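K.L.:
Okay, handing you the structure first.
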Ligand code: KIV
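See the structure below:
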């Protein structure tokens, strides 16, 4: 059965943790779906891990639609949440509504995710009023990396911690069905989780959140440009993949690949006739 906003709500009520992973393509989404993940996030982290940008600012609506649609085709049960990219919603409530609508219609998303707290509440309200579920995202919001001056833990001072709590309450009030907490001290995230009715999904926000999300290339050891402290590597696919690529190259050079069994047959008499026609 397809997971929905109700799954997230029910999980929080029942004390069941929700799981979310990023994906950007059909095959990976299908594997995650088969594994039973609650939701798949088509994150704008695709700018880093798929497109090789140093941040997420250059990611476009077309990128999100292209990758979102591929993931949606692979996700039978997992809810598909697609990130709204930089400047697709900050500019106006109207832009936010139009672009959220495009992600639903063209990428077949089940929900959209927006970075920001109180300042984006008008957008969250307008989008949810249009019947589109919104996941909020507060704490370290990578689209504001230039304003933060780098990838830093958020909410460590009293003033900033209070601001984060206010942001969490505001996005809930505006209609968000869940909120991602990124790089937030564990005790602060636990407090926010305890006072919100909507679920919190943590990434670098401790174990008390209602769910967790990770970028899959981090979890599988496929991305080495930088590895945040909150990442746990569940496999070292990077090493396995590099080894397989090296073996492939080596076998082409040595003639070990391809073998006869990897080729296709043609009748000898047809081959004779082909050759004869060129003699
Ligand atoms: O883009 C992304 O992958 C994200 C997660 C890090 C939460 O927003």
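In our numbering, the protein residues as written are 15 to 293.
Even glycine gets a Cβ: it sits at the ideal position worked out from N, Cα and C.
Quick caveat, the model's predicted, so the values are computed rather than measured.
1. Cβ of residue 145 versus every heavy atom of ligand 1: is any distance shorter than 7 Å?
2. Using beta-carbon positions only, say whether residue 127 and residue 149 come within less than 8 Å of one another.
3. Give the DSSP-derived three-state secondary structure of residue 168 in the structure shown.
4. Roughly how many whole angstroms lie between the Cα atoms of residue 104 and residue 261?
5. When you measure from the CB of residue 196 to every non-hydrogen atom of ligand 1, does any distance come out below 7 Å?
6. Taking the C-alpha atoms as reference points, what is the distance between residue 55 and residue 288?
7. Once you ignore the five residues that flank residue 166 on each side, which residues in its own chain have a CB closer than 8 Å to its CB?
8. Out of 53, 22, 255, 19, state which residue places its alpha-carbon closest to the alpha-carbon of residue 35.
9. Would DSSP call residue 123 helix, strand or coil?
10. By DSSP, does residue 35 sit in helix, in strand, or in coil?
11. Short check: CB of residue 95 to CB of residue 113, under 8 Å?
12. When the distance is taken between beta carbons, is residue 63 closer than 8 Å to residue 229?
13. For ligand 1, I want to know if residue 55 counts as a neighbour, meaning its beta carbon is within less than 7 Å of at least one of the ligand's heavy atoms.
14. Any heavy atom of ligand 1 closer than 7 Å to the Cβ of residue 51?
15. Please report the residue range of the alpha helix (DSSP H) in which residue 86 lies.
16. Below 8 Å on the Cβ atoms is my contact criterion, and I expect residue 60 with residue 38 to pass it. Report the Cβ-Cβ distance as a whole number of Å.
17. Candidates 76, 66, 195: which alpha carbon is nearest residue 102's?
P.N.:
So, to answer that:
1. no
2. yes
3. coil
4. 48 Å
5. yes
6. 54 Å
7. 154, 197
8. 53
9. coil
10. strand
11. no
12. yes
13. yes
14. no
15. 75–88
16. 5 Å
17. 76
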